[in-house]
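Quick notes on the structure that follows.
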């Protein structure tokens, strides 16, 4: 009797297992068919959207680079123009006074004599004119480097 129930339960279990396998295969086949259908249907659309997204990100990266370059050039031009304006303002507003120098008292008399002599001869004006030429040469060199004409 024990063998009878054992064989009966084994047959029932095997038949339930084969039915479950059959349903599993049916559902797997349906799912794979649905997946391949949806992939074929929406795959090109997803690829198109991915390509558009890549294009947009690259365009924004180029725009950011252009803005950074333009702002950098404005910074360079502003520094050069500010330097030239400061040089000309100092040249026009120079009074010849050396009161802003703080020298020890032992050297003050000799320094005052030298600057007084240079102020009378006009060498201080020549120094400012040379400073203007240095700024112009520097601006020319910066423009050549920015334009790619020199190293």
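Residue numbers (our numbering): 10 to 160. Note that CB positions come from ideal geometry on N, CA and C, so glycine has one too. Bear in mind the structure is a predicted one, so any value in this text is a computation, not a measurement.
Q | Whole-Å CB distance - residue 148 paired with residue 89, under 8 Å assumed | A | 5 Å
Q | Per-residue DSSP class, three states only, for residue 131 | A | Annotated three-state conformation of residue 131 is coil, per DSSP.
Q: Look at the alpha carbon of residue 146 and the alpha carbon of residue 71, and state the distance between them as a whole number of angstroms.
A: 33 Å
Q | Span of the alpha helix (DSSP H) around residue 33 | A | 11–101
Q. Per DSSP, what kind of secondary structure is residue 157 in: helix, strand or coil?
A. The answer is coil: DSSP assigns residue 157 none of H, G, I, E or B.
Q. What's the gap between the Cα of residue 178 and the Cα of residue 132?
A. One cannot answer for residue 178 here, as it falls past the ends of the chain, which runs 10 to 160.
Q.
Quick check on residue 42 - is its C-beta less than 7 Å from some C-beta in chain C?
A. Absence of chain C from the displayed structure is noted, only one protein chain being present.
Q. Between residue 92 and residue 144, is the Cβ-Cβ spacing less than 7 Å?
A. yes
Q: My understanding is that residue 155 touches residue 82, with C-beta atoms under 8 Å, so please give their C-beta distance in whole angstroms.
A: 7 Å
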